[in-house]
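Number of protein chains: 4
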Amino acid sequence: MPQRRATIERLAAFSDGVFAVIITIMVLDLRPPEHPTFAALLPLWPTALSYVVSYTFVAIVWLNHHHLLRFTEYPTPRLIWINFAHLFAVSLVPFTTAWVADTRLAAVPVFAYAAVFVFVELAYLQFEHHALAQAEAQEIPHRARKLAKQRSFLAFGLFVTAMLVSLWFPWCAFGLVCCAVLLYLQPELPGTGGLA
Amino acid sequence: MPQRRATIERLAAFSDGVFAVIITIMVLDLRPPEHPTFAALLPLWPTALSYVVSYTFVAIVWLNHHHLLRFTEYPTPRLIWINFAHLFAVSLVPFTTAWVADTRLAAVPVFAYAAVFVFVELAYLQFEHHALAQAEAQEIPHRARKLAKQRSFLAFGLFVTAMLVSLWFPWCAFGLVCCAVLLYLQPELPGTGGLA
Amino acid sequence: MPQRRATIERLAAFSDGVFAVIITIMVLDLRPPEHPTFAALLPLWPTALSYVVSYTFVAIVWLNHHHLLRFTEYPTPRLIWINFAHLFAVSLVPFTTAWVADTRLAAVPVFAYAAVFVFVELAYLQFEHHALAQAEAQEIPHRARKLAKQRSFLAFGLFVTAMLVSLWFPWCAFGLVCCAVLLYLQPELPGTGGLA
Amino acid sequence: MPQRRATIERLAAFSDGVFAVIITIMVLDLRPPEHPTFAALLPLWPTALSYVVSYTFVAIVWLNHHHLLRFTEYPTPRLIWINFAHLFAVSLVPFTTAWVADTRLAAVPVFAYAAVFVFVELAYLQFEHHALAQAEAQEIPHRARKLAKQRSFLAFGLFVTAMLVSLWFPWCAFGLVCCAVLLYLQPELPGTGGLA
């Protein structure tokens, strides 16, 4: 029994470490401009924009991850591997964020950006499925569970649409990604820690 | 109840991870000089100076963060998001620190440096407001609470003044930032863990 | 007694931090391509391939590490130092991963890649030996213990073979490394947290 | 009371995070050589050597840090600040390590390398003094305490000597640093977790 606790605690601690490093190494791409003028800051806007969106996305992912792990008592080997796949998907975010910023929201990089978000959502949906299977029905109200699921699928749909749209209208696709991220920022809805 | 504990513990663990990465990636900007002489170390002084100030600032922010979190029993979704905003502001410190160092304390970079500190303070004041709202009145003596607030506002005023002054007298502005940081180093005052 | 707990907990926390940083700094080598085209992504395949293999390997190492630490009640100084040697070996993975990727699986880099995996396995076998010496016999079923040991030796053999083969057939050697990694991915076998 | 626990736990968690990042970002300086040959690995020996010594040094510092923190029940503001000074000193290790490696153990870089070790030891001796002041006399046997102190002073003396010698005989100074590090590797002596 204490050994099971150890597993879930170390899984959380390790995941927290990975999230913390991912969310902060993105800032390493915010290289200071060469000239000490306000004008020199202007060309940094694509970097700044994609950094803000990616930071918010990783924050949401962490929130949902921590939320789900609270219902997990016995991490099965399968759940641990889904968690690694999930963290792997998240670890690609700094790469696509830098590409989007470097190319100033060009078509293919935005496609890759949205594709990584789709990958993260896919791994997350698997993670949710396995984590909640353990939670007893009464622990999470039926309505909260349904709302959380609806939101997950809506966000997933928005990311897929963004991916498809990106090759013709990269800006529009980036806007869709932002919408999906904003969707999660409503604190009154469950799934953003609203059950905490 | 154990689930609520999980939330506050993981919030602390994740924040600690972010603080730890931020405070140490700044050292990556301390690139070794090309020549193996004492003279080669000299041009590094702006980097060293800004590194010391930023390190101390992040240390203070961590101290206050940990201090406030001790009074938080039930992290609301709002508090979690204020915490993310707070960490986001702190994650900009390495960027402005590098800019100040690269340009040897030029006007606009010092402005940006002070602006990030103002942003951190704003997020911190929000964080303080929400975290202490939960703490029962008797937990923190009235005088300690008042002193902590006075100091927060004084530091905030110094950072804003530094921001305004920086465009004309960057060195003077940097000095004001140092004063605000030194203000927090008095251990006899509460707020620096003095209540620990 | 509470002091002993502190030791094992901090050893786990520190190791988790190191694993988290190692597994995520490899992503820093995934530099975005210059051109915003799908074709520009193609030359990244050696980087992507070696990143996936190394990520999976570190994930397995973490799993086994966490698994063993659950049986450790009293970390002796010797065990702590074996743990540091183990972490040191793992910390070389990003270096050889980058070399393999940069040279597109050339002979010597693949040799170094396999050699680091052999080094990690050697340190792990030592770690396993010392950690399990403390666990009482009934805690781990005899069969599970035997299967875990057989697998460790099989993986070790594959890594050594990969090392020898690499100088003539680097691709074949890389395939052997992949086989050894896949060997650990069977969740029904003990040793991948299957006892959790 | 639970609030005091929170302080010491978060201090340990934050310090662990900083140690974990410092010990692993040094590996970022192990850049893969351009050519895929064994000969290309040879010029990396100063980097490899200084990496091994610095890794071992940080491992020892972590061991002593964790050892002392076990005797600390009530971290005073002063102790927290000494801890920050200690971590600051350790955070300079990757910088001097890279300089020593880049210049292949030139005189001034080895001087700076030894100077940072002296700085770490000074902060550690302060940390030890304040942490042990809280521990009751019977908790640590008199002999263990005395041996630990003797070793600290011997190591400190070796680091200072290395600093002085380095400007004329950098190799000799580097050897002295290695001796001081090896001094801590004897597990039968207390101070390396021997009391665990």
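Note that the protein sequences, when read in sequence, are chains A, B, C and D.
Numbering of the first sequence is given in this note's numbering, commencing with residue 978 and proceeding in unit increments.
Numbering of the second sequence is given in this note's numbering, commencing with residue 978 and proceeding in unit increments.
Numbering of the third sequence is given in this note's numbering, commencing with residue 978 and proceeding in unit increments.
Numbering of the fourth sequence is given in this note's numbering, commencing with residue 978 and proceeding in unit increments.
Ideal Cβ placement from N, Cα and C applies to all residues, glycine included.
Is the CB of residue i under 7 Å away from at least one CB in chain B?
i, result
"A/THR1014", "yes"
"A/CYS1156", "no"
Taking the straight line between their C-alpha atoms, what separation do you get for residue i and residue j?
i, j, result
"D/VAL933", "D/ILE1059", "Only positions 978 to 1173 of chain D appear in this structure, which leaves residue 933 of chain D out of reach."
"C/LEU1026", "D/PHE1096", "43 Å"
"C/CYS1155", "A/PHE1061", "17 Å"
"A/ALA1132", "B/ALA1150", "45 Å"
"C/ASP993", "A/ASP1079", "32 Å"
"C/PHE1048", "D/TRP1145", "51 Å"
"D/PHE1072", "D/VAL1087", "12 Å"
"C/TRP1022", "A/VAL1085", "17 Å"
"D/HIS1119", "D/LYS1126", "11 Å"
"B/TYR1032", "A/ARG1122", "43 Å"
"C/LEU1162", "A/THR1053", "13 Å"
"C/ALA1157", "D/HIS1042", "38 Å"
"C/THR1024", "D/PRO1010", "15 Å"
"D/LEU1082", "B/THR1014", "12 Å"
"D/LEU1153", "D/ALA1036", "18 Å"
"D/ALA1100", "D/ALA1089", "16 Å"
"D/LEU1102", "B/LEU1018", "27 Å"
Please list the partners that residue i has in chain C, where partner means a Cβ-to-Cβ separation under 7 Å.
i, result
"A/VAL1085", "PRO1013, THR1014 and PHE1015"
"D/ALA1036", "PHE1061"
Taking buried to mean at least 16 other C-beta atoms within 10 Å of its own C-beta, is residue i buried or exposed?
i, result
"B/ALA1016", "exposed"
"D/HIS1044", "buried"
"B/PRO1020", "exposed"
"A/ARG1055", "exposed"
"D/VAL1067", "buried"
"D/TRP1076", "buried"
"C/TYR1051", "exposed"
"D/LEU988", "buried"
"A/TRP1039", "buried"
"C/HIS1106", "exposed"
"C/ARG1008", "exposed"
"D/LEU1064", "buried"
"B/ALA997", "buried"
"D/VAL1004", "buried"
"D/LEU1135", "buried"
"D/LEU1141", "exposed"
"A/LEU1159", "exposed"
"C/VAL1030", "buried"
"A/ALA1110", "exposed"
"A/PHE1094", "buried"
Kindly say whether residue i, judged by its beta-carbon, lies nearer than 7 Å to any beta-carbon of chain A.
i, result
"B/GLY994", "yes"
"B/ALA1100", "no"
"C/HIS1043", "yes"
"B/LEU1166", "Confidence at B/LEU1166 is low in this model, with a pLDDT of 47, below 50, so its placement is unreliable and no value can be given for it."
Comparing the C-beta of residue i with each C-beta of chain C, is any distance below 7 Å?
i, result
"A/TRP1039", "no"
"A/THR1138", "no"
"A/ALA1061", "Ala is not the amino acid found at residue 1061 of chain A; the sequence shown has Phe there. For A/PHE1061, the answer is yes, since a Cβ of chain C falls inside 7 Å of its Cβ."
"D/ALA1092", "no"
So with Cβ pairs under 7 Å, would you call residue i a contact of chain D?
i, result
"C/ILE999", "yes"
"C/SER1068", "yes"
Would you mind telling me which residues of chain A sit closer than 7 Å to residue i, beta carbon to beta carbon, in chain order?
i, result
"C/TYR1032", "PHE1065"
"C/LEU1005", "ILE1002"
Note down, in chain order, every chain D residue with its Cβ under 9 Å from the Cβ of residue i.
i, result
"C/ALA990", "ALA989, ALA990, ASP993, GLY994 and ALA997"
Kindly list, in the order they appear in chain D, the residues whose Cβ is closer than 8 Å to that of residue i.
i, result
"C/THR1049", "Residues of chain D passing the Cβ test: none, with the nearest at roughly 11 Å."
Taking Cβ-Cβ distances shorter than 7 Å, what residues in chain B pair up with residue i?
i, result
"A/PRO1009", "PHE1072, ALA1075, TRP1076 and ASP1079"
query: Unbroken alpha helix (DSSP H) runs of length 4 or more, entirely within the stretch 1043-1103 of chain C: which are they?
result: 1054-1068 and 1070-1079
- prompt: Hey, which unbroken runs of the alpha helix (DSSP H) at 4 residues or more fall wholly within the stretch 1109-1153 of chain C?
  reply: For secondary structure counted as the alpha helix (DSSP H) over 4 or more consecutive residues, the stretch 1109-1153 of chain C holds these complete runs in sequence order: 1119-1143.
task: Jot down the residue ranges of each uninterrupted alpha helix (DSSP H) in the stretch 980-1019 of chain B, minimum 4 residues, whole runs only, in chain order.
output: Every unbroken stretch of the alpha helix (DSSP H) spanning 4 or more residues and falling wholly within the stretch 980-1019 of chain B is given here in chain order: 1015-1018.
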